[in-house]
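Participant:
Numbering (this note's numbering), first residue to last: 1 to 67.
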């Protein structure tokens with residue numbers, strides 16, 4: 001992937017991640033959502049893509065809260 005500019009690399013990586021989470025859902029796995037990284041105010045591109053894919057399918061998730 002290094003032959004592509006960094007913005008294209010990120011787009012491809014996020015697209016791959018979308019495919020990965022779709023595969024997780026297609027396989028019927030439970031998704032345990034630990035939320036955003038500490039200190040973030042908005043989801044990053046990969047977590048944001050996962051949230052979108054899960055929401056589009058209304059796939060159930062288990063929210064995990066840390067103390």
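Virtual Cβ for every residue (Gly too), placed ideally from N, Cα, C.
Can you tell me whether residue 62 is buried or exposed, with buried defined as 16 or more other CB within 10 angstroms of its CB?
Facilitator: What you label residue 62 is simply residue 62 of the chain shown in a count that begins at 1. Result: exposed.
Participant: Whose CA, out of 60, 56 and 13, lies closest to the CA of residue 28?
Facilitator: As a position in the chain shown, residue 28 is number 28, starting the count at 1. Residue 60 is the option with its Cα nearest to residue 28.
Participant: Can you pull the DSSP bridge partners for residue 65?
Facilitator: Against the chain shown, residue 65 aligns to sequence position 65. Per DSSP, none; premise fails for residue 65.
Participant: Taking a contact to mean a Cβ-Cβ separation below 8 Å, would you say residue 43 touches residue 14 in this structure?
Facilitator: To locate residue 43, count along the chain shown from 1; it is residue 43. To locate residue 14, count along the chain shown from 1; it is residue 14. No. Outside cutoff.
Participant: Who are the Cβ neighbours of residue 64 in its own chain at under 7 Å, not counting the five residues just before and after it?
Facilitator: For this step, residue 64 is matched to residue 64 along the chain shown. So the qualifying residues of the chain are 32, 33 and 34.
Participant: Rounded to the nearest angstrom, what separates residue 30 and residue 21 at their Cα positions?
Facilitator: Position 30 of the chain shown, counted from the first residue, corresponds to residue 30. Position 21 of the chain shown, counted from the first residue, corresponds to residue 21. Between residue 30 and residue 21, the C-alpha separation is close to 11 Å.
Participant: Which term fits residue 50, buried or exposed, when burial requires 16 or more other beta carbons within 10 angstroms of its beta carbon?
Facilitator: Taking the first residue of the chain shown as position 1, residue 50 is located at position 50. Buried.
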